[in-house]
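A quick write-up on the structure given underneath.
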Amino acid sequence: MKEDNIALDKAIESGDTDLIFHVLLHLRKKLPLASFFRVINSRPVATALVESSAWDQDRELLKDLYYQDDRRLDGSNLLLSEAIAQESHPAQQDKLKLASKYLQDSRDSAAVFQRQAIDDAAKLLRLQHQFETDLNGPRDPTPAGSLPGQTYIGLSANETIFQLIRQGHYKRAQKVQSEFKINDKTYTYIRLRALVAARHWNELEEFAKQKKSPISWEPFFNEVLGAGNTRVASVFIPKCTTLTVPERVDMWIKCGLMVKAGEEAFKAKDRELLQEIRDKAGGSAAVEVERLLGMLPQGKR
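In my numbering, the protein residues as written are 16 to 316.
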């Protein structure tokens, strides 16, 4: 009877999805695309079924639907999912560029945020591909002591920095920091953990020569001590000037340096603390701490 709209409404009223799909398929074949979208736009059930079906079977139709409805975020997300599925770098970049372009005229705050995130993702992906080409290829041999064949693609900016520092590529790590405006505190934490993970003790000792640390010096002590290097960990104890004497004494003890712990307590003229250290010490260390106790004037704690 050519009463297509009534047929669609009756199919929707029936709740039979097969029947609804039957009518939608008929309409899709019969109507121009713009007319088809006008028919389903006023019928949420029909729109939802078209959307779910097109996601698996006809992505181009889904893009047209999002464009027709001005659903920019949804359209951008669709292109983003396609970018992730691409195997070649140029194809990924093309899809990311389209996903960003989809949002360029939108003033919605969510769309503005997503466009910036997509642009950042594209920039990071370019850098990661460049790193893999330069560092894993024959033109730039892997430095001594680093891990061959490191994969960077798919890592976050912070993870990329971590792996670059771990392999000794410090200038490239700083480039990522600069490109993505990663603050000094975050970068220092990443650098510390990467150097410890790679057991780059010399670089950590060089770091200790600096006057200031963006994250203070206790994290350096804790990370290095956790990795089992008490010698390098002890380098950072004198720099922890904001800590109390008992806290620094505890650090020395954790490093097994009982005499240093005793000297710390002696400087503070803390007799009680010195006695505690003496009781924990053994051998020549206990003798030295006892000597310090004897040098402390009577009447002090």
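C-beta: ideal position from N, C-alpha, C; glycine also.
Just so you know, these numbers come straight off a predicted model, no measurement behind them.
Cβ separation of residue i and residue j, assumed to be a contact under 8 Å, to the nearest whole Å
| i | j | result |
| --- | --- | --- |
| A283 | V260 | 4 Å |
| L277 | T245 | The amino acid occupying residue 277 in the given sequence is Gly; Leu does not appear at that position. Not a contact, Cβ separation roughly 17 Å. |
| E147 | I176 | With 8 Å as the limit, E147 and I176 do not qualify as a contact, their Cβ atoms being about 15 Å apart. |
| A137 | Q108 | 6 Å |
| E194 | L142 | 7 Å |
Alpha carbon of residue i to alpha carbon of residue j, nearest angstrom
| i | j | result |
| --- | --- | --- |
| D19 | A106 | 41 Å |
| D235 | V247 | The question names Asp, but residue 235 is Phe in the sequence shown. Between F235 and V247, the C-alpha separation is close to 9 Å. |
| K196 | L34 | 55 Å |
| S57 | L93 | 23 Å |
| D79 | L40 | 16 Å |
| V54 | D24 | 10 Å |
| Y81 | T201 | 39 Å |
| A301 | R286 | 14 Å |
| A100 | W267 | 53 Å |
| Q72 | L113 | 21 Å |
| D31 | L46 | 22 Å |
| C255 | L179 | 28 Å |
| T203 | H144 | 24 Å |
| E233 | Q189 | 23 Å |
| F128 | I21 | 42 Å |
| A223 | G298 | 31 Å |
| K227 | K275 | 23 Å |
| H184 | A63 | 50 Å |
| R74 | L95 | 12 Å |
| L162 | Q225 | With a pLDDT of 46 at L162, under the threshold of 50, the modelled position of this residue cannot be trusted; read the value that follows with caution. Cα to Cα, L162 sits roughly 28 Å from Q225. |
| R214 | A98 | 37 Å |
| L170 | S91 | 21 Å |
| D123 | Q83 | 17 Å |
| M16 | V38 | 13 Å |
| P158 | V191 | Low per-residue confidence applies at P158: pLDDT is 48, beneath 50, and the placement is therefore not dependable, though the value from the model is reported in the following sentence. Cα to Cα, P158 sits roughly 19 Å from V191. |
| N12 | M273 | Any property of residue 12 remains undetermined from this structure, which presents the chain solely from 16 to 316. |
| G160 | V239 | Because G160 carries a pLDDT of 47, less than 50, the predicted location of this residue cannot be relied on, and no value is offered for it. |
| L48 | S68 | 16 Å |
| P308 | P253 | What sits at residue 308 in the sequence shown is Leu, not Pro. So the two alpha carbons sit approximately 21 Å from each other. |
| F251 | S231 | 10 Å |
| E174 | A126 | 26 Å |
| E291 | W216 | 32 Å |
| S121 | S29 | 39 Å |
| D85 | T257 | 57 Å |
Beta-carbon gap between residue i and residue j smaller than 7 Å
| i | j | result |
| --- | --- | --- |
| L139 | A172 | yes |
| A212 | R181 | yes |
| I27 | V60 | yes |
| D199 | P229 | yes |
| L118 | R87 | yes |
| A280 | L289 | yes |
| R43 | F51 | yes |
| L210 | E221 | no |
| L76 | W70 | no |
| R293 | E303 | no |
| S115 | D134 | yes |
Enclosing alpha helix (DSSP H) for residue i [first to last residue]
| i | result |
| --- | --- |
| R286 | R286 to K295 |
| D265 | V260 to K269 |
| Q145 | S124 to N151 |
| E303 | G298 to M310 |
| E279 | M273 to K282 |
| S171 | Taken as a continuous stretch (DSSP letters only), S171 belongs to no alpha helix (DSSP H), as it is neither H nor E. |
| G5 | For the chain, the structure presents residues 16 to 316; residue 5 sits outside this window and is missing. |
| A248 | T245 to V250 |
| P105 | H104 to K116 |
Segments of 4+ residues assigned as alpha helix (DSSP H) that fall wholly inside the segment 185-219: 185-194 and 199-212
If you scan the segment 26-102 from start to end, which runs of the alpha helix (DSSP H) of 4 or more residues do you find wholly inside it? 32-45, 48-56, 59-72, 74-83 and 87-100
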